[in-house]
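Contents: one structure, followed by commentary.
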Amino acid sequence: MSNSALGAAAVSIGVACALAGIVVVALGLAGRRPKWFSDASLLVAVMAAAGVIAFAVMERALITRDFTVAFVAEHGSHQTPALFNFATLWSALEGSIILWTLILCGYVVAVVRKFRDRRDDPMVAWALLTLFVVCLFFFGLMLGPAAPFGTFDPPIGYDGPGPNPLLQNHILMAFHPPVLYLGYVGFTVPFAFAISALVTGRVGEGWLLITRRWTVMAWGFLTLGIVLGAWWSYETLGWGGYWAWDPVENASFLPWLTGTAYLHSVMVQERRGMLRVWNLSLVVSTFSLTILGTFITRSGVLQSVHAFVESGIGPAILSFFALIVVVSLGLIAWRGDELRAPGSIDSPVSREGAFLANNVAFAAFAFVVLLGTIFPLIVEAIDGRTISVGNPYFDRMTMPIGFVLLFMMGVAPVLPWRKASGEVLSQRLIWPAWIGAAAMVIAALIGARGWAPMLAFGLGGFAGGAAARQLVLATRRQGWRGFVGRTNGGMIVHFGVVLIAVAFAASNAYVRQGEFNLLPGQTAELSGHTLTYEGSDFREYSNRSERTARISIDGGQAYEPGIATYPFAGQTIGVPSVRSTWRDDVALSVLKFPEGANDAVLLRATIQPLVVWLWIGGLVMAAGTVLAVMPGRRRNPLLPVSAPVETHEPIDVPQ
Amino acid sequence: MSSGDEAPQPRPVLWVVAAVSVVAALLLLLLATGKPASERATDGRILGRVAPLIEGPTIDNGWYDIDQLRGQWVVVNFFSTTCVPCIREHPELVKFDQRHAPTGDASVVSISFDDSADAVIEFFADNGGDWPVLTENTGSVAVNYGVTAVPESYLVAPSGIVAAKLVGGVTADDLDGQMARLTQEASS
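Sequences listed follow chains A and B, in order. Start counting at 1 in the first sequence, then tack on 81, and there's your number in our numbering. Start counting at 1 in the second sequence, then tack on 42, and there's your number in our numbering.
Encoded structure:
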């Protein structure tokens, strides 16, 4: 059986299972089929097997260079090295849908396994129904608009162009998309339970506890995926930056913002039973934004450096997005008012008050980014002009919000629930404040200037101090367990955020870039570093030929930026080379090689301080996420919260 | 957050949902009607203008000059022998050429992109097609037309104006349909 036929069969089986799953669960909910859960489990297993087979068949076709599969003919090549050949699957639209579906199937299997003991719970049934619908959509995409298993009749001796050269020159390409997808797709599970909670009307705290870890894990993967993407772009694109507010970057950042807001506001609901509708809305928004991001990335409607090639998949995804929005808004409109919690926030100066402010800031952040992303479309719809919204807008609009969030990160962790007295506050904030001040003084002493980065360093120190305070207190009480659990893991995530914020501020504020024409043996100076052009080399690889310049930095080891030509893809790309130290990065890229032997090479050097801390910060955030999902010490429910509970006020009674 | 326990039940969530629905509907409308970015970028540049000059030796040692072909439709096809969609569309171009060769109301010219002349000659020997093919100095022609990726085809009207840009592989029926539509638009 050919790979195409096998793959297409797997896709059809997946569609059939998802359809049958919807029917079985619906019958179960209608009470017509008492043993629906075991049937549904079986269907999930077969569907997941279909997902695995689709993935495996495409990988087999890629590895054996089976050009009778159109996808392989269009994106594979004998010349591609093994690792990138494996990663070719997610380098183009159709394959990326296979990966997405595979991950989705994995999550559904995990849900079924996890809830096999709660099979009689309508909450689980509705969630499973929602998951089947999402599965049906993605398998359906592979059946029609993004069919990966089309056939091709290759002429004798045919060899494909291979994946886009930019996607086969850095190892991070093998990890960034799968990790990002683990994040994107992971939000399907909390979404399914949010829909289920709305349908069943059980918007008590049950569904939150069910999905807490799922959400945190999905968020952690999304965070890591975004950071890996920034790292990849920094290492391969050679423009010296790592974040450009490109529509596709924004598409991944939007669900991150709403997801982060949710992770905070959910604690208010758990403790105080408030913000229920808001939390549901955030979960729904996060999932909707992942689908919207999929649309932006794949429809070609917005100009972007790494949008997928235009395809007919746009209308399908947009329709699905519309369906999600209509169903969710309908459910919230139907249930919303009866679900609203009693009680109100006692004082703005309290943990819940801080979380509310945090949510306002994150919502504003998301709005600003979304508006900037689609603004070109709005302008064009109104008066037909084509414009682009660049960094100045995003930088100016998001910077104040970033400062507010950093400040909140310092204040919120020390605030007690319900109400804080000024005395408590000043006592708890004194150390973080000193650390913040010290950070500013040290920064000034080593030569930092400018109010914006200085403010970022100060607030970073403040927020880091508050996180450290919590961890010190927790480890004093509980030993090593003071690092695990949601609050403590969350503080480690905060450390990561502080590292990224400080590194972002420093690298943006103190970047120095220069372009130099250098003859062999000549030296250029930039920002305290000397760059010496020693000579050039030419190398042939299986998939490319590369011309590189040997540049020694500060008289030390030579770095070799160059230009690579991929003959089969018919493309030439720059290959930057970066020297990273804990203090600063020197990123080199060759803009032009000489025509004659004695001409100069045109070199661009970008020197930015602290860049490496961005990646370290990302890893710290990921580590903190892992610690946060590990079971920490449970709060004894009999212990009072920080301020005495007034007994006449119900905490958690649905209206 | 007010608790909403006063007598006439206020329904703030409903109002918020209504407002959000309006915004979401506008967003959907915007996204659904937005033209692809690539079209926006290149449409204005070439469409409706006089076709940039295509002149030079062909692979069968002839000489081609697009301006000699005023009065008939010309399909300017940019391709490469290693590109899959190009290989796929080739039979359609053959069909189109054969359909119009007797009447002489339309012709095809192919311009290779990043290919050696030998590979192109072999490609045409294997796949058929005997219309003019240019392989030399084609880079500047591609730039003048604003080609971003092969295959890409341009329909040049009998007046010598670029009337349509077709991204990706074409079919013979597609080309005829475009010609019919454009003729009708011009006459109405």
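Note that beta-carbon positions come from the ideal geometry of N, C-alpha and C, so glycine has one too.
CA-to-CA distance, residue j to residue i, given in whole angstroms
| i | j | result |
| --- | --- | --- |
| N331(A) | T180(B) | 38 Å |
| I516(A) | L510(A) | 10 Å |
| V189(B) | A445(A) | 40 Å |
| T123(B) | A89(A) | 28 Å |
| T161(A) | F167(A) | 9 Å |
| L363(A) | L410(A) | 12 Å |
| R432(A) | Q559(A) | 22 Å |
| V116(B) | G210(B) | 17 Å |
| Q226(B) | A590(A) | 59 Å |
| V190(A) | A154(A) | 33 Å |
| A228(B) | T145(B) | 21 Å |
| M139(A) | G176(A) | 8 Å |
| D215(B) | R141(B) | 10 Å |
| P244(A) | H156(A) | 5 Å |
Start-to-end residues for the beta strand (DSSP E) that takes in residue i
| i | result |
| --- | --- |
| E621(A) | 610–621 |
| N598(A) | 593–599 |
| S119(A) | Segment 117–144 is the alpha helix (DSSP H) holding S119(A); no beta strand (DSSP E) there. |
| R628(A) | 626–634 |
| N119(B) | 115–121 |
| Q603(A) | Q603(A) -> no beta strand (DSSP E), and no H or E assigned at all. |
| A332(A) | Unbroken run through A332(A) is the alpha helix (DSSP H), 328–353; no beta strand (DSSP E). |
| E194(B) | 194–198 |
| A547(A) | Careful: A547(A) lies outside any beta strand (DSSP E), inside the alpha helix (DSSP H) at 532–559. |
| R685(A) | 682–690 |
| W105(B) | 105–107 |
| L208(B) | 204–209 |
Residue burial classification, residue i (beta-carbon count within 10 angstroms, cutoff 16)
| i | result |
| --- | --- |
| R809(A) | As shown, chain A starts at 82 and ends at 736. That puts residue 809(A) outside it, with no answer to give. |
| E131(B) | buried |
| F619(A) | exposed |
| P513(A) | buried |
| A388(A) | Here the model assigns A388(A) a pLDDT of 44, short of 50, so the residue's position is not dependable, and the following value carries that caveat. Classification of A388(A): buried, given that the 10 Å Cβ count is 16 or more. |
| V205(A) | buried |
| L600(A) | exposed |
| G321(A) | buried |
| G471(A) | exposed |
| Y622(A) | exposed |
| S428(A) | exposed |
| W350(A) | What sits at residue 350(A) in the sequence shown is Gln, not Trp. Buried, since its Cβ has 16 or more Cβ neighbours within 10 Å. |
Three-state secondary structure (DSSP) of residue i
| i | result |
| --- | --- |
| S152(B) | strand |
| W181(A) | helix |
| H729(A) | At H729(A), the pLDDT of 47 sits below 50, so the modelled position is not reliable; the number obtained from the coordinates is stated separately. It is coil, neither helix nor strand. |
| I237(A) | coil |
| Y323(A) | coil |
| S425(A) | coil |
| E97(B) | strand |
| S45(A) | In the structure as shown, chain A begins at 82 and stops at 736. Residue 45(A) is therefore absent and cannot be evaluated. |
| K195(A) | helix |
| R130(B) | helix |
| Y145(B) | Residue 145(B) is actually Thr in this sequence, not Tyr. In the structure shown, T145(B) sits in coil (DSSP, three-state: anything other than H, G, I, E or B). |
| A501(A) | coil |
| T213(B) | coil |
Closer than 9 Å at the beta carbon, the chain B residues around residue i
| i | result |
| --- | --- |
| G417(A) | R53, P54, V55, L56, V58, V59 |
| F376(A) | L73 |
| I455(A) | L69, L72, L73, G76 |
Residues that residue i contacts on chain A, provided the C-beta gap is smaller than 9 Å
| i | result |
| --- | --- |
| L70(B) | L399, F402, A403, V406 |
| D168(B) | P236 |
Under 7 Å from the C-beta of residue i: neighbouring residues of chain B
| i | result |
| --- | --- |
| F233(A) | V126 |
| E155(A) | V126 |
| P226(A) | Correct list: empty, because the minimum Cβ distance to chain B is about 15 Å. |
Residue i, enclosing alpha helix (DSSP H) - first and last residue
| i | result |
| --- | --- |
| L404(A) | 395–420 |
| T292(A) | 287–317 |
| G643(A) | Note, G643(A): premise wrong, no alpha helix (DSSP H); beta strand (DSSP E) at 643–647. |
| L672(A) | Taken as a continuous stretch (DSSP letters only), L672(A) belongs to no alpha helix (DSSP H), being part of the beta strand (DSSP E) at 665–673. |
Beta-carbon neighbours of residue i, restricted to chain A and to distances below 8 Å
| i | result |
| --- | --- |
| A66(B) | V406, L410 |
Closer than 8 Å at the beta carbon, the chain B residues around residue i
| i | result |
| --- | --- |
| I413(A) | V55, V59 |
| P258(A) | In chain order: nothing, as chain B lies at least about 22 Å away. |
| V358(A) | V55 |
Closer than 7 Å at the beta carbon, the chain A residues around residue i
| i | result |
| --- | --- |
| V62(B) | L410 |
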